[in-house]
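The structure is reproduced here in structure tokens:
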């Protein structure tokens, strides 16, 4: 990583997206607020140069760090290990 990303999407796979009703596509939603929620995930395929690849985010690590450091999620790096 390196640097602050003012907002972040969480790419933890299709099940996570389903369980969170697509709200894991936070950056995409703010880039294109008029795109219906059920189509926001398709933006990664349409414009891959603007959104990172993969679906390997570690959800438990993100949640743990978010509660430990409240500013973390609002300014998180592009990847979490």
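Numbering (our numbering), first residue to last: -10 to 70.
Don't be surprised by glycine CBs; every beta carbon is placed ideally from N, CA and C.
- In the three-state reduction of the DSSP assignment, residue 24 falls in the coil class.
- If the five residues before and after residue 6 are omitted, its C-beta is found closer than 7 Å to the C-beta atoms of 13 and 30, all from its own chain and listed in chain order.
- Taking all protein chains in view, the Cβ of residue 33 is crowded by 16 or more other Cβ atoms within 10 Å, so the residue is classified as buried.
- From the listed residues 47, 53, 58 and 57, the smallest Cα separation to residue 1 is found for 47.
- Excluding the 5 residues flanking it on each side, residue 21 has same chain C-beta neighbours closer than 8 Å at 29 and 32, in chain order.
- In the displayed model, residue 47 falls within coil according to three-state DSSP, outside both helix and strand.
- Inter-residue distance for residue 43 and residue 50 is about 16 Å (C-alpha atoms, whole angstroms).
- In the three-state reduction of the DSSP assignment, residue 5 falls in the helix class.
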